[in-house]
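Note that numbering that gives the first Met the number 0 has the sequence shown beginning at 0, numbered continuously upward.
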Amino acid sequence: MAAGRGGPGRDFGFPCPPVPPVPSPLNHTSHALPFNAVASALLGWFSESARPMPWRETTDPYRIWLSEIMLQQTQVATVAPYYRRFLEAFPDVERLALAPEDLLMKQWEGLGYYARARNLQKCAAIVVREHGGRFPADPECLEALPGIGRSTAGAIASIAFGKDAAILDGNVKRVVARLGAITGDPSRSAVKERMWEVSRQITVPGRGREIALAMMDLGALVCTPRRPDCRVCPLSGWCRAFLAGTPEAFPEKVERKSRPVREAVAAVIEDGDGRVLIRKRPAGGLLGGLWEFPGGFLEPGESQESALVRWGREAGLSSLTPSEMFATIRHAFTHFGLRLHGWRCRVDGDIPESAGIWVTRNDLSNHAFPRAHQILVKKIKEVRP
Ligand code: SF4
């Protein structure tokens with residue numbers, strides 16, 4: 000990586016002599032930051048250090064939008080193959096708008112946060128219906144579309160349309176919080192507004208696209224959450240957190256409550272032809288539209304076997320008998336941890352159609368499952384019928 004170029008503080012040598020932290024709020028300090036010089040140093044660094052990415056080879060708003068949605072809460076390396084496959088399946092916004100739900104979910108399978116996939120299609124439908132298939136260039140119009148928040152709107156407007164729109168994704172929040180030594184809980188709107196203010200000020204006229212990309216890259220490559228590489232950072236001469244000797248103290252870390260762990264069971268029921276029963280989760284809820292092995296959460300004090308029998312009774316399978324627990328899968332959701340126990344179950348007698356559909360083991364791969372159930376699919380396939 001190229002060494003950064005300097006601002007006023009580059010002459011200090013390293014380690015930098017500690018200076019007292021600058022008090023926040025930023026409205027007290029931001030005026031002192033020479034944003035034009037900061038932006039110029041940032042752009043100089045970016046011209047030598049930009050990361051190549053498949054979605055940076057285009058300014059097609061459809062592709063930029065798709066990449067920005069996929070990159071929400073997901074690493075670049077994970078997104079790249081999904082992005083390519085998704086574009087092969089849905090090369091334009093019209094085909095995405097008309098895509099069958101199962102195909103859409105299958106393409107998204109494994110990326111997580113499935114509400115993004117559903118919003119993607121809702122957004123595509125609105126762009127086709129109300130905007131003639133063309134994404135609006137204005138950040139406010141973009142923000143009115145499903146699944147597009149303020150920062151994503153800024154990213155699309157700047158990267159695809161060259162607007163001077165600021166962004167504030169996770170990487171950029173860290174950079175601006177450190178640059179301005181912005182204190183306070185970063186989830187509070189007043190603190191966020193101070194961060195937006197710094198991001199806006201750095202977005203110098205006419206360079207919106209490069210500034211947005213440069214800020215993203217600086218946050219990902221140099222101003223990392225732990226051990227930021229301030230020695231090569233082009234902003235170190237002005238960075239208040241660095242000059243105070245405490246870059247990692249920004250943004251403030253707020254203690255999160257530990258996540259509760261919820262137990263659930265999944266019944267693997269096979270018929271005499273070796274087919275497996277699966278059902279589709281209701282649209283709109285958690286993991287809506289994905290397929291799963293039937294079952295559900297345990298109630299307080301309930302055993303796994305009792306939960307399976309209860310589910311069987313509710314689904315019209317009163318003869319369901321749990322026979323063997325063959326796997327326990329752990330998975331973290333945003334608000335809780337899941338421990339999912341996969342059980343082989345036997346059912347005597349008829350199974351009502353409302354319980355689900357029967358698919359062969361091979362055909363399981365043609366259905367989109369949530370992550371924990373994907374692991375169950377793998378384990379089922381490992382065992383010879
Ligand atoms: Fe650059 Fe370090 Fe400041 Fe981050 S904390 S912006 S890496 S000087």
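Each residue gets a CB set at the ideal place from its N, CA and C atoms; glycine is no exception.
Quick check: is any heavy atom of the ligand SF4 less than 7 Å from the C-beta of S150? Residue numbering aside, residue 150 sits at position 151 when the sequence shown is read from its first letter. Answer for S150: no, Cβ out of range of the ligand SF4.
Count the C-beta pairs between the segment 302 to 311 and the segment 261 to 274 that are closer than 8 Å, then say yes if the count reaches three, no if not. Judged by Cβ distances under 8 Å, the segment 302 to 311 makes contact with the segment 261 to 274, as three or more pairs qualify.
Starting from the C-beta of K279, find all residues in its chain whose C-beta is less than 6 Å away, skip the five residues before and the five after it, and write them out in chain order. Residue numbering aside, residue 279 sits at position 280 when the sequence shown is read from its first letter. Closer than 6 Å at Cβ, skipping near neighbours: W290.
I need the boundaries of the beta strand (DSSP E) containing F296, first residue and last residue. Indexing the sequence shown from 1 puts residue 296 at position 297. G294 to F296 is the extent of the beta strand (DSSP E) around F296.
Count the other CB atoms, across all protein chains shown, that sit within 10 Å of the CB of L97; report buried if there are 16 or more and exposed otherwise. Residue 97 sits at position 98 when you count from the first residue of the sequence shown. Its Cβ having fewer than 16 others within 10 Å, L97 is exposed.
Say yes only if the C-beta of F335 is nearer than 7 Å to one or more non-hydrogen atoms of the ligand SF4, and no if none qualify. Taking the first residue of the sequence shown as 1, we reach residue 335 at position 336. Distances taken from the Cβ of F335 to the heavy atoms of the ligand SF4 include none shorter than 7 Å.
Any idea if Q200 is buried or exposed, counting beta-carbon neighbours within 10 angstroms, 16 or more meaning buried? Walking along the sequence shown from the start, residue 200 turns up at place 201. Under this definition Q200 is a buried residue.
Span of the alpha helix (DSSP H) holding T151? On the sequence shown, residue 151 is found 152 positions in, with the first residue counted as 1. Looking at the DSSP string, the run of the alpha helix (DSSP H) that includes T151 is R149 to F160.
Please report how far the alpha carbon of R187 lies from the alpha carbon of R115, in whole angstroms. Looking up residue 187 in the sequence shown gives position 188. Looking up residue 115 in the sequence shown gives position 116. Those two C-alpha atoms are separated by around 24 Å.
Just mark T151 as buried or exposed, buried being the case when its beta carbon has 16 or more other beta carbons within 10 Å. In the sequence shown, counting from the first residue as 1, residue 151 sits at position 152. The residue is buried, with at least 16 neighbouring Cβ atoms inside 10 Å.
Pick from V174, T245 and I379: whose alpha carbon is nearest that of T223? Residue numbering aside, residue 223 sits at position 224 when the sequence shown is read from its first letter. Nearest option by C-alpha distance: V174.
In angstroms with no decimal places, state the Cα-to-Cα distance between P20 and F241. For the purposes of this step, residue 20 is taken as the residue at position 21 of the sequence shown. For the purposes of this step, residue 241 is taken as the residue at position 242 of the sequence shown. Confidence in P20 is poor, its pLDDT being 40 and thus under 50, which makes the residue's placement unreliable; the coordinate value appears in the next sentence. The alpha-carbon atoms of P20 and F241 are separated by roughly 9 Å.
What do you reckon, is the C-beta of L297 under 7 Å from a heavy atom of the ligand SF4? Along the sequence shown, read from residue 1 onward, the residue named residue 297 stands at position 298. No.
State whether the segment 135 to 152 contacts the segment 201 to 219, with contact taken as three or more CB pairs (one from each stretch) at a distance under 8 Å. Contact between the segment 135 to 152 and the segment 201 to 219 is absent, because fewer than three Cβ pairs lie under 8 Å.
Return the CA-CA distance between D349 and M104, expressed in angstroms with no decimal places. Here residue 349 corresponds to residue number 350 of the sequence shown, with the count starting at 1. Here residue 104 corresponds to residue number 105 of the sequence shown, with the count starting at 1. Distance between D349 and M104, taken at the CA atoms: about 30 Å.
Residues bridged to G341 by DSSP? As a position in the sequence shown, residue 341 is number 342, starting the count at 1. According to DSSP, G341 bridges with A265 and A326.
In this structure, how does DSSP classify E87 when only helix, strand and coil are distinguished? Walking along the sequence shown from the start, residue 87 turns up at place 88. Helix, per DSSP.
Buried or exposed (CB count within 10 angstroms, at least 16 for buried), D168: For this step, residue 168 is matched to residue 169 along the sequence shown. Label assigned to D168: buried.
Option in P351, N118, A88 and M194 with minimal Cα separation from G287: Translated into the one-based positions of the sequence shown, residue 287 becomes position 288. Measuring from the Cα of G287, the nearest candidate turns out to be N118.
Please go through the same chain and pick out, in chain order, the residues whose beta-carbon is closer than 7 Å to the beta-carbon of Q106, but skip the five residues on each side of it. What you label residue 106 is simply residue 107 of the sequence shown in a count that begins at 1. Excluding positions up to five away in sequence, the list reads R84, F85 and A88.
Check whether the segment 224 to 243 touches the segment 174 to 183, counting contact only when three or more Cβ pairs, one atom from each stretch, lie closer than 8 Å. They touch, by the three-pair rule.
In three-state terms, what does DSSP make of T77? Here residue 77 corresponds to residue number 78 of the sequence shown, with the count starting at 1. Under the three-state reduction of DSSP output, T77 falls in the helix class.
Helix or strand or just coil, what does DSSP make of R115? Along the sequence shown, one-based indexing puts residue 115 at 116. R115: helix per DSSP, three-state reduction.
Taking 7 Å as the cut-off, is the beta-carbon of P246 closer than that to any non-hydrogen atom of the ligand SF4? Along the sequence shown, one-based indexing puts residue 246 at 247. For the ligand SF4, at least one heavy atom lies less than 7 Å from the Cβ of P246.
Roughly how many whole angstroms lie between the Cα atoms of N365 and R239? Here residue 365 corresponds to residue number 366 of the sequence shown, with the count starting at 1. Here residue 239 corresponds to residue number 240 of the sequence shown, with the count starting at 1. When rounded, the distance between both Cα atoms is 53 Å.
Consider the C-beta atom of V221 and the heavy atoms of the ligand SF4; say whether any pair is separated by less than 7 Å. Position 222 of the sequence shown, counted from the first residue, corresponds to residue 221. Checking the Cβ of V221 against the ligand SF4 gives yes.
Let me make sure I understand the geometry here. Which of P99, I379, P51 and G111 has the alpha-carbon closest to that of I68? Position 69 of the sequence shown, counted from the first residue, corresponds to residue 68. Minimum Cα distance to I68 is reached at G111.
Taking the beta carbon of H334 as the centre, do at least 16 other beta carbons fall within 10 Å, making it buried, or is it exposed? Here residue 334 refers to the residue found at position 335 of the sequence shown. Exposed.
Less than 7 Å between the CB of S235 and some heavy atom of the ligand SF4, yes or no? Position 236 of the sequence shown, counting from 1, holds the residue named residue 235. The closest heavy atom of the ligand SF4 lies less than 7 Å from the beta carbon of S235.
Comparing the CB of A243 with every heavy atom of the ligand SF4, is any distance shorter than 7 Å? Start at 1 with the first residue of the sequence shown, and residue 243 comes out as number 244. A243: no, Cβ never under 7 Å from the ligand SF4.
When you compare only the Cα positions, how much space is there between A66 and V376? If you number the sequence shown from 1, residue 66 lands on position 67. If you number the sequence shown from 1, residue 376 lands on position 377. Sequence inspection shows Ser at residue 66; the Ala mentioned does not correspond to that position. When only Cα atoms are considered, S66 and V376 end up about 28 Å apart.
Three-state secondary structure assigned by DSSP to I277: For the purposes of this step, residue 277 is taken as the residue at position 278 of the sequence shown. Look at I277 here: in three-state DSSP terms it is strand.
Where the beta strand (DSSP E) containing I385 begins and where it ends: The structure shown has nothing for residue 385, since the chain only spans 0 to 384.
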